[in-house]
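Student:
In UniProt numbering, the protein residues as written are 1 to 401.
In structure tokens:
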């Protein structure tokens, strides 16, 4: 994110002495991407940020994946993952359940009511969509408030924790990359400013506004990193002699931020527009799109729902998180559902939806889509809530030989 911010107390010139009130120095840390060749920020700590007092293995949430075989479209009912009151003791970090994943991206879901431990993802950036509920995201950069419809973008290796703040569960749809996640390059100038055709801009982004200073000794931080476990993922628990939230100030272009889906300005046309117009973020080998309430096609012969299509290079994952998704009526899909349409399978509206959409002037729908350019496997959470029937809905709702 090439949008510069400065928060708290920083020296006039980078890499120079920054005296503290006790007559010593604050400790400067560069947090940067791509080996000093991309976005970065400078953080000023009270204590040495490299100091650790202990390290031990941490068992990350189950990461086992199984192929989507036989190759079929699937309907996964995510709300069934956390029934009744189970969410009250769950937290956003250790209770998330893997739904789908490959080497480039992993999609998990959680309904949480308890604060998480301090955590950082050393594999890639995280984009967490808040379906419902509210929470506070406390980070080494400062605090972010998150609520329904918020995307929370957390750069790789950012120490943070999630604290639910409402009476209802904080329902979070976590997209974990093995890369960085950023706005699409076509929305940005060569210097990184959002262009006029972009469906959102810098003023829509909410970043930390003041330091978050915390006290404490022997503080644990959970770290997810590459390793020998399932999916090539392992975990370590660091113990720090002092609290890592000791940053008195920072500046730069790398930091966590929040973007609300209601601030996305939909791009519409005379005939049906393809999914790239709905794109909001991108990572290596995947994109994130959102389908928001909008006016639809105004050609006199338009068919507003999507045409049948076969994305031969990608798997399509749609998370239905609001409104009334016209193209899926009759499939059983509703709030909290995921549809997986794998590459090699032609898909489109359910029977009757094609004809029913004619004459529609607007759609009241909200969905987050992830398109991946390598096949997706099923995680343990996805296997647990597969309805087993979705693949046959275009043919009358039953499996026939």
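Positions of the beta carbon are idealized from the N, C-alpha and C atoms, including for glycine.
Please classify residue 191 as buried or exposed, where buried requires at least 16 neighbouring CB atoms within 10 angstroms.
Tutor: Looking at its Cβ environment, which holds fewer than 16 other Cβ atoms inside 10 Å, residue 191 is exposed.
Student: Just tell me which of 14, 65 and 4 has its CA closest to the CA of residue 384.
Tutor: When only C-alpha atoms are compared, the closest one is 65.
Student: Threshold first: 3 residues or longer. Then list the beta strand (DSSP E) segments lying entirely within the region 254-300, N to C.
Tutor: Listed in chain order, the complete beta strand (DSSP E) runs (minimum 3 residues) inside the region 254-300 are 257-260, 279-283 and 286-291.
Student: Less than 7 Å between the C-beta atoms of residue 415 and residue 99, yes or no?
Tutor: There is simply no residue 415 to check, as the chain begins at 1 and stops at 401 in what is shown.
Student: Can you give the Cα-Cα distance for residue 142 and residue 248, rounded to whole angstroms?
Tutor: Distance between the alpha carbons of residue 142 and residue 248: 10 Å.
Student: So residue 165 and residue 136 are supposed to be a Cβ contact under 8 Å. How far apart are they, rounded?
Tutor: About 6 Å; that satisfies the 8 Å criterion.
Student: I'd like the span of the beta strand (DSSP E) that includes residue 101, first residue to last.
Tutor: From DSSP, the beta strand (DSSP E) with residue 101 extends over 97-101.
Student: For the candidate residues 366, 336 and 360, whose alpha-carbon lies nearest to that of residue 386?
Tutor: Closest by alpha carbon: 336.
Student: Whose C-alpha, out of 27, 360 and 123, is nearest the C-alpha of residue 233?
Tutor: Minimum Cα distance to residue 233 is reached at 123.
Student: Grab the span of the alpha helix (DSSP H) containing residue 382 for me, first residue to last.
Tutor: Run containing residue 382: 380-384, per the alpha helix (DSSP H) assignment.
Student: Can you tell me whether DSSP reads residue 316 as helix, strand or coil?
Tutor: Looking at residue 316 - three-state DSSP - the assignment turns out to be strand.
Student: Residue 295 to residue 188, Cα distance in whole Å?
Tutor: Near 25 Å, if we compare the C-alpha coordinates of residue 188 and residue 295.
Student: Inspect the beta-carbon positions of residue 180 and residue 251 and report whether they are closer than 7 Å.
Tutor: Not closer than 7 Å, so no.
Student: Determine, using beta carbons only, whether residue 236 and residue 54 come nearer to each other than 7 Å.
Tutor: Their beta carbons are not under 7 Å apart, which means residue 236 does not touch residue 54 by this criterion.
Student: Can you have a look at residue 313 and say buried or exposed, based on whether 16 or more other CB atoms are within 10 angstroms of its CB?
Tutor: Exposed, because fewer than 16 other Cβ atoms sit within 10 Å of the Cβ of residue 313.
Student: Just reading off the alpha helix (DSSP H) that residue 354 is part of, what are its end residues?
Tutor: That run of the alpha helix (DSSP H) goes 353-356.
Student: I need the DSSP call for residue 329, collapsed to helix, strand or coil.
Tutor: Coil.
Student: Which partner residues of residue 6 appear in the DSSP bridge assignment?
Tutor: Bridge partners of residue 6: 251.
Student: Can you say whether residue 222 is buried or exposed, counting buried as having 16 or more other CB atoms within 10 angstroms of its CB?
Tutor: Looking at its Cβ environment, which holds 16 or more other Cβ atoms inside 10 Å, residue 222 is buried.
Student: Please classify residue 20 as buried or exposed, where buried requires at least 16 neighbouring CB atoms within 10 angstroms.
Tutor: Exposed.
Student: Residue 292 to residue 366, Cα distance in whole Å?
Tutor: Distance between the alpha carbons of residue 292 and residue 366: 5 Å.
Student: Could you check which residue in 328, 208, 381 and 138 has the C-alpha nearest to that of residue 357?
Tutor: Of 328, 208, 381 and 138, the residue nearest in Cα terms is 328.
Student: By alpha-carbon positions, which one of 195, 339 and 254 ends up nearest to residue 37?
Tutor: Out of 195, 339 and 254, 254 has the C-alpha closest to the C-alpha of residue 37.
Student: Any idea which residues DSSP pairs residue 196 with across the strands?
Tutor: Looking at the DSSP assignment, residue 196 forms no beta bridge with any residue, so it has no partner.
Student: Where residue 183 and residue 282 are concerned, what is the direct C-alpha to C-alpha distance, given to the nearest angstrom?
Tutor: Rounded to whole angstroms, residue 183 to residue 282 spans 6 Å at the Cα level.
Student: Which whole-angstrom value describes the C-beta separation of residue 146 and residue 258, a residue pair presumed to lie in contact below a C-beta threshold of 8 Å?
Tutor: Sure, about 6 Å apart at Cβ, within 8 Å.
Student: If we count the other Cβ atoms within 10 Å of its Cβ and call it buried at 16 or more, is residue 88 buried or exposed?
Tutor: Per the 10 Å Cβ criterion, exposed.
Student: Does the distance from the CB of residue 325 to the CB of residue 263 come in under 7 Å?
Tutor: For residue 325 and residue 263, no; Cβs fall outside 7 Å.
Student: Measure the CB-CB distance between residue 274 and residue 8 and report whether it falls below 7 Å.
Tutor: No, they are not a contact pair.
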